[in-house]
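Heads up: the sequence shown begins at 0 in numbering that gives the first Met the number 0, then just goes up one per residue. Beta carbons are placed, not taken as given, at the ideal position from N, Cα and C, and that holds for glycine.
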Amino acid sequence: MSNTLRNDRLLRALKRQPVDCTPVWLMRQAGRYLPEYRATRAKAGSFLAMAKNPEIACEVTLQPLARFDLDAAILFSDILTIPDAMGLELYFVDGEGPKFRHPVRSAADVEKLAVPDMETELRYVMDAVRVIRRELDGKVPLIGFSGSPWTLACYMVEGGGSKDFARIKAMALNDPATLHRLLSINTDSVIAYLAAQRAAGAQVLQVFDTWGGVLSPAMYREFSLPYLTRIARELPRGDIQERTPLILFGKGNAAHLEALADSGAEAIGVDWLVELSEARRRTGGKVALQGNLDPAVLYGSPEAIHEQVRNVLASYGQGSGHVFNLGHGMSPDMDPEHVGVLVDAVHALTARA
Ligand code: CP3
0 MSNTLRNDRL LRALKRQPVD CTPVWLMRQA GRYLPEYRAT RAKAGSFLAM AKNPEIACEV
60 TLQPLARFDL DAAILFSDIL TIPDAMGLEL YFVDGEGPKF RHPVRSAADV EKLAVPDMET
120 ELRYVMDAVR VIRRELDGKV PLIGFSGSPW TLACYMVEGG GSKDFARIKA MALNDPATLH
180 RLLSINTDSV IAYLAAQRAA GAQVLQVFDT WGGVLSPAMY REFSLPYLTR IARELPRGDI
240 QERTPLILFG KGNAAHLEAL ADSGAEAIGV DWLVELSEAR RRTGGKVALQ GNLDPAVLYG
300 SPEAIHEQVR NVLASYGQGS GHVFNLGHGM SPDMDPEHVG VLVDAVHALT ARA
C-alpha cells in the first residue's frame, strides 16, 4: 500500500496550508442518486448488507470517484453502526428511514449499554477502511466518520428518526442524569470508533452532529457541545506535523461557532444558513471551514450551480483553509451530471496559477 497521496488538497486545506485549488467532496456522495449504486444495492439486497460487506462497501465508496474529480473518498457506512453494535438492532423500513428494535428509554436501558469492541463487533467497518485504503492506492485521502454523541442518542432514544424529538427532550428535562450517562457512553464509543478507523487507515475524521441544531443554545451547551469538545480533546490523532484532522460538522451550529473553534478540532463544517464570511470572522483563523452550499442548488441549472458556487467561494474569500462541500447531504433524486458541474466549477473558479 502506497502511503504517498497523489492528491493532498484536502489535507492541506484542513491544515490551512496553500493549495493549487479548493478541495471539494460532498456529503452522501455515494448514494441512491447514482444508478450504479442502485444496481449494487439491488444485487446486495439492502443498504445494511452493503455496509456490512467490506468489498461492497469499498465498491460503493469508489463509485462517485470514478465519475467526478472529487478530492476525497468517504467511507461507505452509517453513523448508526455504533448503537447497532451495542445491541439496539438497526433496521430500515422503506420510506421511513432507520429504526431500532430495542430503543433506549430508561435508566435501566442505559445501564445495559457498553462501548462495543471495535475489532470484533465493528470489525466490518475497520475491514472496509482497510480494503478502501488499499484500493484507493493514494489517489485521494479517505475520510472516516461517526455520529456525534447527541445525534446518536437522538436515534437511540427516539427509536428512529423524529420530527419533534419529544422523547429525548423529555429525557433531557425529566431525567438529565440518565441522558448524560448515555451521552458519556456514546462519547467513549465515538472516540474508540474514530481511533480504530484511524488505525485502520482513515486519513481525516468527521463527526456528524446532524441534530445539534434542534436544541436551544442553552441545551446545546449542556447536551452536545461538551461531548464534541471531549472528542476533540481526547481523540488521539498524532503529533502536530502528521496530525489526522478532525472535522466537526453540525447542522444548525451557527450560534456556536466561537465555542466550536475553541474545541480543539481542526475544522468546523457548517450548513447554508450562515455566511462563510461570518463563520470565518467568528472563528478567527483558529480552524479550517467546510461547506456550505445549499444541497437544493443541485436542482438548479448548470448556470445556476456555477453562480451559487461562485457565491460560496466569494463569501469565504481569499486564502486557504476552505473545504468546499454542501451544507448537508445529497438527496436520491439529484442529477449526477449536476454534481460534475459543481465539482468542476469549484476547481476552475479557484485554480491558482
Ligand atoms: O456520505 C457518504 O457518501 C458516506 C456514507 C454515509 C451514509 N450515511 C450512507 C447512507 C454517511 C456519512 C452517513 C451518515 C448518516 N447516517 C447520518 C449523518 C449525516 C446526515 O445525513 O445528517 C445520519 C443522520 C444517518 C442515519 C441514516 N442512515 C439516515 C437518516 C438514512 C437515510 C434513510 C432514507 O431512507 O433516506 C440512512 C441510510 C443511508 N445511509 C443511506 C446511505 C447512502 C441510504 C440507504 C439506501 O436506502 O440505499
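Buried versus exposed, by CB contacts within 10 Å (16 or more), residue i
{"i": "residue 239", "result": "exposed"}
{"i": "residue 0", "result": "At residue 0 the pLDDT is 49, less than 50, meaning the model places this residue with poor confidence; the figure from the coordinates comes in the next sentence. Under this definition residue 0 is an exposed residue."}
{"i": "residue 185", "result": "buried"}
{"i": "residue 32", "result": "buried"}
{"i": "residue 289", "result": "buried"}
{"i": "residue 209", "result": "buried"}
{"i": "residue 2", "result": "exposed"}
{"i": "residue 132", "result": "buried"}
{"i": "residue 287", "result": "buried"}
{"i": "residue 87", "result": "buried"}
{"i": "residue 331", "result": "exposed"}
{"i": "residue 192", "result": "buried"}
{"i": "residue 12", "result": "buried"}
{"i": "residue 168", "result": "buried"}
{"i": "residue 244", "result": "buried"}
{"i": "residue 188", "result": "buried"}
{"i": "residue 340", "result": "buried"}
{"i": "residue 272", "result": "exposed"}
Local conformation of residue i per DSSP, three classes
{"i": "residue 1", "result": "Below a pLDDT of 50, predicted positions are generally treated as unreliable, and residue 1, at 49, falls in that range; no measurement from the model is reported."}
{"i": "residue 90", "result": "strand"}
{"i": "residue 7", "result": "coil"}
{"i": "residue 19", "result": "coil"}
{"i": "residue 214", "result": "coil"}
{"i": "residue 269", "result": "coil"}
{"i": "residue 310", "result": "helix"}
{"i": "residue 289", "result": "strand"}
{"i": "residue 38", "result": "helix"}
{"i": "residue 31", "result": "coil"}
{"i": "residue 185", "result": "helix"}
{"i": "residue 75", "result": "coil"}
{"i": "residue 101", "result": "coil"}
{"i": "residue 246", "result": "strand"}
C-beta contact flag for residue i and residue j at 7 Å
{"i": "residue 213", "j": "residue 164", "result": "yes"}
{"i": "residue 220", "j": "residue 257", "result": "no"}
{"i": "residue 299", "j": "residue 252", "result": "no"}
{"i": "residue 196", "j": "residue 139", "result": "no"}
{"i": "residue 267", "j": "residue 205", "result": "no"}
{"i": "residue 207", "j": "residue 23", "result": "no"}
{"i": "residue 233", "j": "residue 190", "result": "yes"}
{"i": "residue 226", "j": "residue 172", "result": "no"}
{"i": "residue 9", "j": "residue 56", "result": "no"}
{"i": "residue 61", "j": "residue 329", "result": "no"}
{"i": "residue 325", "j": "residue 275", "result": "no"}
{"i": "residue 103", "j": "residue 180", "result": "no"}
{"i": "residue 260", "j": "residue 231", "result": "no"}
{"i": "residue 146", "j": "residue 78", "result": "yes"}
{"i": "residue 149", "j": "residue 223", "result": "yes"}
{"i": "residue 5", "j": "residue 137", "result": "yes"}
{"i": "residue 141", "j": "residue 201", "result": "yes"}
{"i": "residue 159", "j": "residue 97", "result": "yes"}
Host alpha helix (DSSP H) of residue i (start-end)
{"i": "residue 339", "result": "335-349"}
{"i": "residue 168", "result": "165-173"}
{"i": "residue 145", "result": "Run containing residue 145: none in the alpha helix (DSSP H); it sits in the beta strand (DSSP E), 141-146."}
{"i": "residue 60", "result": "53-66"}
{"i": "residue 230", "result": "224-233"}
{"i": "residue 109", "result": "106-110"}
{"i": "residue 276", "result": "275-282"}
{"i": "residue 25", "result": "Segment: none, residue 25 is in no alpha helix (DSSP H) and carries neither H nor E."}
{"i": "residue 257", "result": "256-260"}
Distance cut-off 6 Å: residue i Cβ against heavy atoms of ligand 3
{"i": "residue 176", "result": "Ligand 3 is absent from the structure shown, which contains only ligand 1."}
Residue span of the beta strand (DSSP E) that contains residue i, given as start and end
{"i": "residue 126", "result": "Element bounds for residue 126: not the beta strand (DSSP E) but the alpha helix (DSSP H), 122-135."}
{"i": "residue 206", "result": "203-208"}
{"i": "residue 322", "result": "321-325"}
- Message: Taking 8 Å as the cut-off, does the stretch 58-68 touch the stretch 114-123 (at least 3 CB pairs, one atom from each stretch)?
- Response: These segments do not touch.
- Message: Check whether the stretch 330-350 and the stretch 303-322 are in contact - that is, three or more C-beta pairs closer than 8 Å.
- Response: Taking a contact to require three or more Cβ pairs closer than 8 Å, the stretch 330-350 and the stretch 303-322 qualify as touching.
- Do the stretch 310-322 and the stretch 35-51 meet, that is, are 3 or more Cβ pairs less than 8 Å apart? Contact fails: fewer than three Cβ-Cβ distances are below 8 Å.
- Item | Meets three-Cβ-pair contact criterion under 8 Å: the stretch 150-157 and the stretch 73-83 | Because the criterion of three Cβ pairs below 8 Å is met, the stretch 150-157 and the stretch 73-83 touch.
- Query: Can you find at least 3 beta carbon pairs, one from the stretch 9-16 and one from the stretch 47-56, that sit closer than 8 Å?
  - Reply: Segment contact: the stretch 9-16 against the stretch 47-56, fewer than three CB-CB distances shorter than 8 Å; contact not assigned.
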